[in-house]
Amino acid sequence: MKILVTGGLGFIGSHTVVELQNKGFNVIIIDDCSNADEKVLEGIKSISGKMPEFEKIDLKEKDKVEDFFKRHEDVKGVIHFAASKAVGESVQEPLKYYENNIGTLVYILKELSKKNNANFIFSSSCTVYGQADEMPITESAPVKTAESPYGNTKQMGEEIIFDTCKVNADLKAISLRYFNPMGAHPSAKIGELPIGVPQNLVPFITQTGAGLRDELSVFGDDYPTSDGTCIRDYIHVVDLAKAHVVALTRLLEDKNESNYEVFNVGTGTGSSVLEVIASFEKASGKKLNYKIVARRAGDIISAYADTTKANTILGWKAESTLDEAMQSAWDWEKKIRKIQD
Ligand code: WQD
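Residue numbers (my numbering): 7 to 347.
Structural data, given as structure tokens:
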């Protein structure tokens, strides 16, 4: 069975391709390589033993999207990762985000709407909740005004899919609201490859540990939390990848309760920035060089998932702990920087 993975050369996409292949799916990847390298295909093959099909396509080109679906009528499901995802950049370049994240989604949904049985998994984010009023966060928590155009594209994306599914019973979709993905495949053959200075905490930590960065800036320790630093739900990228395969299978086997469903994908455990630093120090045996600086604009205080719905209805549960995820992140960093223990 052929599955299209857009953005399949990216961090979460590549790990999901491996898990799909492990379950016997044939995968074709579309990626424009704007934020990922074709060499990732070798990494995927070295893990699963299977080279996925790959087409370098810019999904903003409507005619190319139409042509792809004409040539691949046997695609049974689509997992859509392709999107721009830098929160800060989205504030500076909103139209780049609306064109890339919304425009491409519309083109793909138009193609799926032509099929008489389409299955679609959307990469959404806990960002849609903003600062939720209650922890842990359930799927029924209100969606709040987005803090960034990036977050808005995730909210709008969910609404576009919901409206499309409402008028098209043949289209089944699931939005997965990710919490904070981290780590790398235990083989250390694929992992996160941030371009330039990492915006996210964990790659900045591992790059500091590897000596690429002088020190980590901790954005504020005066929050109303146990140790004053922000709380997030850090989920191992392999656990997150497996959630996509479970969600897709749910649709392919018609187990869905309605033709549009939403699931939080997190561990259900919150960790502070200082706890993540401590986890790195345990994994690496190194003291991390960091300093406390001013808060980062737009940061929320706390976000961690209520995973009841994913655990009971979707039938998926995260397996890795923060320490295991951090160990995989550090092993990957050492591999790509050729650091011997
Ligand atoms: C985590 C914590 C920072 C960097 C973002 C997106 C979200 C999702 C995950 C895509 C915060 C602190 C960070 C640093 C720090 N991405 N931090 N120093 O902001 O929770 O979520 O990435 O879907 O949509 O919004 O992740 O890793 O940037 O920050 O102190 O150098 O680490 O203040 O408390 P975030 P993050």
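From the three backbone atoms N, C-alpha and C, an ideal C-beta is built for every residue, glycine too.
* Cβ distance (whole Å) where aspartate 312 is taken to contact asparagine 265 below 8 Å -> Contact flag wrong, Cβ pair sits at about 23 Å.
* How would you call isoleucine 201, buried or exposed, if buried means at least 16 neighbouring beta carbons within 10 angstroms? -> The residue is exposed, with fewer than 16 neighbouring Cβ atoms inside 10 Å.
* Cβ-Cβ distance between isoleucine 196 and histidine 21 below 8 Å -> yes
* So what does DSSP say about tyrosine 113, is it helix, strand or coil? -> helix
* To do: Under 6 Å Cβ to Cβ from alanine 324, same chain only, skipping five residues before and after it: list those, please.
  => Ile241, Asp245 and Thr273
* leucine 294 versus isoleucine 211: straight-line alpha-carbon distance, rounded -> 8 Å
* To do: Tell me where the alpha helix (DSSP H) around proline 100 begins and ends.
  => Following the DSSP letters along the chain, one finds proline 100 inside the alpha helix (DSSP H) bounded by residues 100-103.
* Look at the alpha carbon of asparagine 174 and the alpha carbon of threonine 151, and state the distance between them as a whole number of angstroms. => In this structure, the straight-line span from the alpha carbon of asparagine 174 to that of threonine 151 is close to 28 Å.
* Indicate whether serine 131 and lysine 178 have their beta-carbon atoms separated by less than 8 Å. => For the pair serine 131 and lysine 178, the CB atoms are not nearer than the 8 Å cut-off.
* Please write down, chain order preserved, every residue whose beta carbon lies under 6 Å from a heavy atom of the ligand WQD. => With 6 Å as the limit, the residues whose C-beta approaches a heavy atom of the ligand WQD more closely than that are Lys91, Val93, Ser131, Thr133, Tyr184, Asn186, Gln205, Asn206, Leu207, Phe210, Leu222, Ser223, Val224, Phe225, Cys236, Arg238, Val279, Arg302 and Asp305, in chain order.
* **Backbone secondary structure at methionine 162 - three-state DSSP** => helix
* Asked: Among the residues of its own chain, which have a CB less than 6 Å from the CB of asparagine 122, if the five just before and after it don't count?
  -> Asp176
* Report the three-state DSSP secondary structure of glycine 83 (helix, strand or coil). => The three-state reading of DSSP puts glycine 83 in strand, counting E and B together.
* Asked: On the three-state DSSP scale, how would you describe methionine 188?
  -> In this structure, methionine 188 counts as strand in the three-state DSSP scheme.
* Look up aspartate 37 in the DSSP assignment and give the residues it is bridged to. => In DSSP, aspartate 37 forms a bridge with Lys62.
* To do: For glutamate 267, name the three-state secondary structure that DSSP assigns.
  => strand
* **Distance CB(leucine 254)-CB(isoleucine 127) smaller than 8 Å** => The answer is yes: Cβ separation under 8 Å.
* Asked: Is phenylalanine 60 closer than 8 Å to leucine 47 when the C-beta atoms are compared?
  -> yes
* Asked: On the three-pair Cβ rule with 8 Å, is the region 215-226 touching the region 301-309?
  -> yes
* Given a threshold of 16 other Cβ atoms within 10 Å of its Cβ, counted over all protein chains shown, does glutamate 25 qualify as buried or as exposed? -> buried
* **Range covered by the beta strand (DSSP E) that runs through tyrosine 28** => Looking at the sequence itself, residue 28 is asparagine, so the reference to tyrosine does not match. Bounds of any beta strand (DSSP E) do not take in asparagine 28; it lies within the alpha helix (DSSP H) bounded by 17-28.
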